[in-house]
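S.K.:
In this note's numbering, the protein residues as written are 1 to 464.
#1: Could you name the residues of the same chain whose beta carbon sits closer than 7 angstroms to that of residue 54, not counting the 5 residues immediately before and after it, in chain order?
#2: Taking residue 331 as the reference, give the member of 273, 170, 342 with the closest Cα.
#3: Can you list, in chain order, the residues of its chain with a C-beta nearer than 7 angstroms to that of residue 111? Leave out the 5 residues immediately preceding and following it.
#4: Sort 421, 197, 29 by Cα distance to residue 291 and report the nearest one.
#5: Using a Cβ-Cβ cutoff of less than 7 angstroms, which residues in the same chain neighbour residue 457 once the five nearest sequence positions on both sides are dropped?
#6: How would you write the range of the beta strand (DSSP E) that residue 439 sits in, first residue to last?
#7: State the start and end residues of the unbroken beta strand (DSSP E) segment that holds residue 234.
#8: Can you tell me the Cα-Cα spacing of residue 203 and residue 118, whole angstroms?
#9: Could you give the first and the last residue of the continuous beta strand (DSSP E) run that contains residue 95?
#10: List in chain order: all unbroken beta strand (DSSP E) runs of 3+ residues lying wholly within the region 381-420.
#11: Could you spell out the range, first to last residue, of the beta strand (DSSP E) harbouring residue 290?
#12: Roughly how many angstroms separate the alpha carbons of residue 470 and residue 106, rounded to a whole number?
#13: Contact criterion: CB-CB distance below 7 angstroms. Does residue 334 meet it with respect to chain C?
#14: For residue 136 and residue 166, I'd like the C-alpha separation in whole angstroms.
#15: Given 8 angstroms as the limit, is there contact between the region 251-268 and the region 277-286, that is, 3 or more CB pairs closer than that?
#16: Cβ of residue 289 within 7 angstroms of Cβ of residue 266?
#17: Skipping 5 residues on each side, what residues in its chain have a beta carbon closer than 6 angstroms to that of residue 145?
#18: What number of angstroms, rounded off, separates the C-alpha of residue 213 from the C-alpha of residue 240?
#19: Between the beta-carbon of residue 384 and the beta-carbon of residue 315, is there less than 7 angstroms?
#20: Three-state secondary structure (DSSP) at residue 61?
#21: Since I believe residue 2 is in contact with residue 60 (beta carbons under 8 angstroms), could you give me their beta-carbon distance rounded to a whole number of angstroms?
#22: What did DSSP end up calling residue 55 once you bin it into helix, strand or coil?
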């Protein structure tokens, strides 16, 4: 059969790094191994607005069209599925990903024949086999589907996918020329439960973290370097190797194998000290991303971050001292006072990472901030306005009892002013060689999402 995988364009059109969708990649790889023909359409990197998928795939004539959906790309997915159903009325339409897992009934009504819940590596091949054999889906767990006028909801068994039993993703399923670097996943999930974060394995399935051993990760790096001549690899893991022993084993193995590619990872600051940082730098680590979130100890406690400012400073300083470029993420609007928000700007200047990325708090579905917003002083006007649940903008759909919209905008201006005075350059104005960069929703020109701002701030924004 011919299977088309669609990754709709996210609402945030301007991404600093573009990664190919490994979750879709492993499904396409498994389908190819079973003799099927596959095509992956990634709306985030293809030409145009990423909405003209029907023109891009017109020669493929798919039997099955599978959408990979997260909350920020859900509105685009709704539009695309209707267009494609008109062109391919006999195709079977499948929705999978975190958003359909959280809202299966809502998604099914958009025109899909089946919703695949949770991790798809085991059940998606079963779904394809059932379509090919025409035996139906009643025997498959973790699916919501229509049979005539009746909707069936088969609950998930809760089984975890063993990452070590999966094949490497065949990167040839992607249009590789569209991507600036390669990507890899060494683990799935997160053992922490920050109030602002949602990932399927950790916060939804409550199964914590599943980690591949260092040897397997090194095997895949070697595969990428030798097969695709990869020079830079981004680890998409929420956290790169939690255990110190595995990090050191990975670093030693990197040198033993004579690998030369560079890599980028995401870590918690309390995982890093001088020994680990030096070992990682010598093993090809080029950049590390740390989620700092806030410069207020009180806010860090209330968000269940389980990190202190001292730990964050120690970790980021160790990375910088080892020659690793440090990128940090910050959230304005976490529950707290205006003084708590301003403390983040002070902490940025004290820490002085190479890159600073500032976002508004987004109470993503699946988090306590979405499920129980009133308990935290958060007001969501329309919980189904999914276009507003995306980093990179300011939305009046999400408001805070403890912070007005004007105060939030003032915070962005204050941060920009103080950072530029300290030598930082806005990322959308940066030139090659600029060492210190920052980004906020304002300097990324997301003007369409400023639905309601004061006339004073509107004049200031237009002047910018």
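Ideal Cβ placement from N, Cα and C applies to all residues, glycine included.
M.R.: According to the structure data:
#1: 83, 84, 87
#2: 342
#3: 81, 82, 85, 93
#4: 197
#5: In this predicted model, residue 457 has a pLDDT of only 46, less than 50, meaning its place in the structure is not dependable enough to derive any value.
#6: 437-439
#7: 232-235
#8: Confidence in residue 203 is poor, its pLDDT being 46 and thus under 50, which makes the residue's placement unreliable; the coordinate value appears in the next sentence. Between residue 203 and residue 118, the C-alpha separation is close to 12 angstroms.
#9: 92-96
#10: 398-400
#11: 285-293
#12: Summary: the structure shown does not reach residue 470, with the chain confined to residues 1 through 464, and so no result is reported for it.
#13: Protein chains in the displayed structure number just one, and chain C is not present.
#14: 26 angstroms
#15: yes
#16: yes
#17: 114, 137, 152
#18: 12 angstroms
#19: no
#20: coil
#21: 6 angstroms
#22: helix
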